[in-house]
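A.B. asks: Pasting a structure here, questions to come.
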Amino acid sequence: MNVLSLFDGISCGMVALERTGIPVERYVAYEIDKYAIKVSKKNYPQIEHCGDVTTADFTKYYGFDLLVGGSPCQSLSIVRSKARQHLQGKSKLFFEFVRALHESKPRYFLFENVASMNEESKNIINKELNCKPLLIDSADFSAQNRLRLYWTNIPVNMCYKKNADVLKDILQSDVDEKYYYSKAFDFLGIDKKVCALLKNIKVYIYIISQITILRNSKFKK
Ligand SMILES: C[S@@+](CC[C@H](N)C(=O)[O-])C[C@H]1O[C@@H](n2cnc3c(N)ncnc32)[C@H](O)[C@@H]1O
């Protein structure tokens with residue numbers, strides 16, 4: 052496959068293709084975060100990194116097999132509910148995905164974003180991508196509650212086997228102390244779906260959703 056990945060992050064698109072056993076001939080990535088690019092380059096030195104989507108000429112990738120991307124969700128997400136600018140804010144980068152779709156005309160596309168966006172934004176994306184989204188919770192496959200919408204023209208069979216991973220199944224156990232989580236939290240039990248609650252904040256944060264903080268940390272009671 053030849054793959055064009057926008058907003059590539061740490062190249063999870065490549066991880067997914069690898070795990071699915073789909074051979075990748077070329078994987079072209081557009082990403083601007085230097086740390087994400089560093090991770091991607093370490094794991095996959097063969098990936099071609101091209102930087103900013105806004106200056107890209109996507110006609111170069113005409114006939115690629117797959118266009119994949121999850122554009123920034125900051126102004127779509129309910130997390131910023133008061134100041135949400137929807138598809139006019141940072142999340143307007145979605146329209147770069149639409150441009151890439153028209154310029155490169157891939158055989159398949161897959162676009163992902165937050166399920167908490169408003170109906171108007173969802174309808175605009177439906178119209179631009181000419182399909183309706185699938186709603187999938189990553190908790191069905193991993194130790195993280197993460198409701199997301201997926202727009203695709205890939206024929207999808209939604210019968211899948213859910214797994215029951217909890218945080219302890221994915222935490223590393225032997226890591227340097229500098230990666231310990233240092234803020235105060237109430238420990239509820241490592242086998243619990245929600246295994247800790249942060250202290251001193253008004254909103255309870257379900258630690259199960261905070262994999263990025265805890266991925267490399269140990270629990271200290
Ligand atoms: C929601 S994240 C996508 C994460 C990715 N799916 C992954 O698996 O790691 C959006 C990404 O878009 C990147 N981004 C923001 N502006 C960009 C731009 N102008 N060009 C390319 N990437 C950009 C951000 O740095 C961020 O990594």
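First residue of the sequence shown? That's 52 in this note's numbering, and the numbers climb one at a time after it.
Glycine included, every Cβ here is placed at the ideal spot set by N, Cα and C.
#1: Which of helix, strand or coil does DSSP assign to Leu-57?
#2: Exposed or buried, Glu-170, counting other C-beta atoms within 10 Å across all chains shown (16 or more means buried)?
#3: What span of residues does the alpha helix (DSSP H) with Val-66 cover, start to end?
#4: Tell me which same chain residues have a C-beta within less than 7 Å of the C-beta of Ile-129, skipping the five on either side of it?
#5: Determine the direct distance from the alpha carbon of Ile-187 to that of Asn-214, and round the result to whole angstroms.
#6: My understanding is that Phe-115 touches Leu-55, with C-beta atoms under 8 Å, so please give their C-beta distance in whole angstroms.
#7: Taking 7 Å as the cut-off, does the CB of Tyr-81 come closer than this to any heavy atom belonging to ligand 1?
#8: For Asp-59, count the other beta carbons within 10 Å of its own beta carbon; 16 or more makes it buried, fewer makes it exposed. Which is it?
#9: Does ligand 1 have even one heavy atom less than 7 Å from the beta-carbon of Ile-61?
#10: Heavy atom of ligand 1 less than 7 Å from the Cβ of Phe-160, yes or no?
#11: By Cβ distance below 8 Å, which residues in the same chain neighbour Cys-63 in space, the five residues on each side in sequence not counted?
#12: Is Thr-71 near ligand 1, with its Cβ less than 7 Å from a heavy atom?
#13: What would DSSP say about Glu-76, mapped onto helix, strand or coil?
#14: Which residues in the same chain have their Cβ closer than 8 Å to the Cβ of Tyr-95, if we skip the five residues on either side of it in sequence?
#15: Return the chain-ordered list of same chain residues with a C-beta closer than 7 Å to the C-beta of Phe-145, the five sequence neighbours on each side being excluded.
#16: Suppose the cutoff is 6 Å on Cβ atoms and the five residues either side in sequence are ignored; what does the same chain contact list for Glu-179 look like?
#17: Measure the beta-carbon distance from Asn-53 to Glu-76 and round it to whole angstroms, keeping in mind my assumption that it falls under 8 Å.
#18: When you compare only the Cα positions, how much space is there between Gln-223 and Ala-87?
#19: Does any heavy atom of ligand 1 sit closer than 7 Å to the C-beta of Pro-184?
#20: Sort Lys-89, Pro-184, Lys-111 and Lys-212 by Cα distance to Pro-23 and report the nearest one.
C.D. replies: So, to answer that:
#1: Here residue 57 is taken as the residue at index 6 of the sequence shown, counted from 1. In this structure, Leu-57 counts as strand in the three-state DSSP scheme.
#2: By one-based count along the sequence shown, residue 170 stands at place 119. By the neighbour-count rule (16 or more Cβ atoms within 10 Å), Glu-170 is not buried but exposed.
#3: Position 15 of the sequence shown holds residue 66. 63–71 is the extent of the alpha helix (DSSP H) around Val-66.
#4: Here the question's residue 129 lines up with position 78 in the sequence shown. Once the five neighbours on either side are set aside, the close Cβ partners of Ile-129 are Ser-167.
#5: Reading the sequence shown from its first residue, position 163 is the one you call residue 214. Reading the sequence shown from its first residue, position 136 is the one you call residue 187. Rounded to whole angstroms, Asn-214 to Ile-187 spans 13 Å at the Cα level.
#6: Taking the first residue of the sequence shown as 1, we reach residue 115 at position 64. Taking the first residue of the sequence shown as 1, we reach residue 55 at position 4. About 5 Å separates the two Cβ atoms, so the contact holds.
#7: Here residue 81 refers to the residue found at position 30 of the sequence shown. Result yes, Cβ under 7 Å from ligand 1.
#8: In the sequence shown, residue 59 corresponds to position 8, counting from 1. Looking at its Cβ environment, which holds 16 or more other Cβ atoms inside 10 Å, Asp-59 is buried.
#9: As a working mapping, residue 61 is identified with position 10 in the sequence shown. Result yes, Cβ under 7 Å from ligand 1.
#10: Against the sequence shown, residue 160 aligns to sequence position 109. It does not: the Cβ of Phe-160 is nowhere closer than 7 Å to a heavy atom of ligand 1.
#11: As a first step, residue 63 must be located in the sequence shown, where it is residue number 12. There are no such residues.
#12: The residue given as residue 71 occupies position 20 in the sequence shown. Result no, Cβ not under 7 Å from ligand 1.
#13: Here residue 76 corresponds to residue number 25 of the sequence shown, with the count starting at 1. Here Glu-76 sits in coil by DSSP.
#14: On the sequence shown, position 44 is the one that residue 95 refers to. Within its own chain, the residues whose Cβ lies closer than 8 Å to the Cβ of Tyr-95, once the five positions on either side in sequence are excluded, are Ser-62, Met-65 and Tyr-78, listed in chain order.
#15: The count along the sequence shown starts at 1 and reaches residue 145 at position 94. Contacts found: Ser-122, Leu-138 and Ile-176.
#16: Translated into the one-based positions of the sequence shown, residue 179 becomes position 128. Result list for Glu-179: Val-149, in chain order.
#17: In the sequence shown, counting from the first residue as 1, residue 53 sits at position 2. In the sequence shown, counting from the first residue as 1, residue 76 sits at position 25. That pair is a contact at about 6 Å.
#18: Locating residue 223 in the sequence shown gives position 172, where the first residue counts as 1. Locating residue 87 in the sequence shown gives position 36, where the first residue counts as 1. Cα-Cα distance, rounded: 20 Å.
#19: In the sequence shown, residue 184 corresponds to position 133, counting from 1. Remark: the shortest separation between the CB of Pro-184 and any heavy atom of ligand 1 does not fall under 7 Å.
#20: With the chain covering 52 to 272 only, the question about residue 23 has no answer from this structure.
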